[in-house]
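Student: Numbering follows the working numbering, in which position 216 of the sequence shown is assigned residue number 238; successive positions increment by one, without gaps.
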Amino acid sequence: MRRKPVVALDGPVGVGKSTVARKLARRLGFLYIDTGAMYRAVALDALRQGVPLEDFEAVGRRVGSLEIRLVPEDEGTRVFCNGEDVTEAIRAPEVSRATSPIADNPAVRARLVALQRAMGAGGGVVMEGRDIGTVVFPDAEAKFYLDARAEIRAERRARQMEAAGRATDRASILADLLERDRRDRSRPVGALRVADGAEIVDTSDMSEDEVVEALAQRIVRLTFPRPGGRCP
Ligand code: DC
23 MRRKPVVALD
33 GPVGVGKSTV
43 ARKLARRLGF
53 LYIDTGAMYR
63 AVALDALRQG
73 VPLEDFEAVG
83 RRVGSLEIRL
93 VPEDEGTRVF
103 CNGEDVTEAI
113 RAPEVSRATS
123 PIADNPAVRA
133 RLVALQRAMG
143 AGGGVVMEGR
153 DIGTVVFPDA
163 EAKFYLDARA
173 EIRAERRARQ
183 MEAAGRATDR
193 ASILADLLER
203 DRRDRSRPVG
213 ALRVADGAEI
223 VDTSDMSEDE
233 VVEALAQRIV
243 RLTFPRPGGR
253 CP
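(1) Taking 7 Å as the cut-off, decide whether the C-beta atoms of GLU150 and THR245 are in contact.
(2) What are the start and end residues of each continuous beta strand (DSSP E) run of 3 or more residues lying completely inside the stretch 99-153, in chain order?
(3) For ARG240, which of helix, strand or coil comes out of DSSP?
(4) Taking the alpha-carbon of VAL85 as reference, which of ASN127, THR99 and THR109 has the nearest alpha-carbon?
(5) What residue range does the alpha helix (DSSP H) around VAL85 cover?
(6) The beta strand (DSSP E) spanning ALA65 covers which residue range?
(7) Which residues in the same chain have their Cβ closer than 6 Å to the Cβ of ARG152, if we skip the five residues on either side of it in sequence?
(8) Rounded to the nearest angstrom, what separates GLU79 and PRO210 at their Cα positions?
(9) Return the first residue and the last residue of the alpha helix (DSSP H) that GLU201 is part of.
(10) In angstroms with no decimal places, state the Cα-to-Cα distance between PRO27 and ARG44.
(11) Sorry if obvious, but does the Cβ on SER208 come closer than 6 Å to a heavy atom of the ligand DC?
(12) If ILE195 and ALA180 are in contact, beta carbons under 8 Å, what's the gap, nearest whole angstrom?
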């Protein structure tokens, strides 16, 4: 029997990938896999253990001893690292900052890519990250690259923070986002770029629900290319 599709979703920080991926997975009845959470879990562990983030060898040794699990729940995914629920802890600003050097580490990437391939092997997943269509699943049945102008991504981020009652400074949010873009795009392995065969979706003038709808329709057409083809 043909496996269910793998949907690869890549794009820069703040483009709305996580929400879109989660809603899309629910709509299709697929599993949502947030690969950024896995890099964050490794960063949190290194911070807690006092392992220098730039010491590739030490972090590489440590990652081999981590058991990272993603457990789906209604509103997303719970993230476990060596049995501990780190779902909230990995979202702290210092963990976000620490994750960039961790994601540059080839040993970390090799280990996490292997885990991600195992999780998606049976298909029926929406996997979201930076290198899903280029490295993790270059043969995914559906590949998308979500994009939006940096100013728009910064504005969305600022509104999210305001809604959560946090103070915002738009200029520093934009500067931070541009710096993360630069790091994501210049990474020696697993750099963010548009995968061969990926469809670029500019979400600048679309709501999240419109993006989900557009992607869902595209997936149905790609994977069930008959008139009236329906989702599994
Ligand atoms: O999507 P996010 O902000 O949760 O990602 C956290 C960090 O991990 C960010 O620095 C980019 C990096 N990342 C990566 O290098 N490859 C992925 N597949 C996913 C995330």
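Glycine is no exception: its CB is placed at the ideal position from the N, C-alpha and C atoms.
Tutor: In brief:
(1) no
(2) Fully enclosed beta strand (DSSP E) runs of 3 or longer: 147-151.
(3) helix
(4) ASN127
(5) 78-85
(6) Careful: ALA65 lies outside any beta strand (DSSP E), inside the alpha helix (DSSP H) at 57-71.
(7) Contacts found: ASP32, ASP206 and LEU214.
(8) 16 Å
(9) 192-208
(10) 16 Å
(11) no
(12) 5 Å
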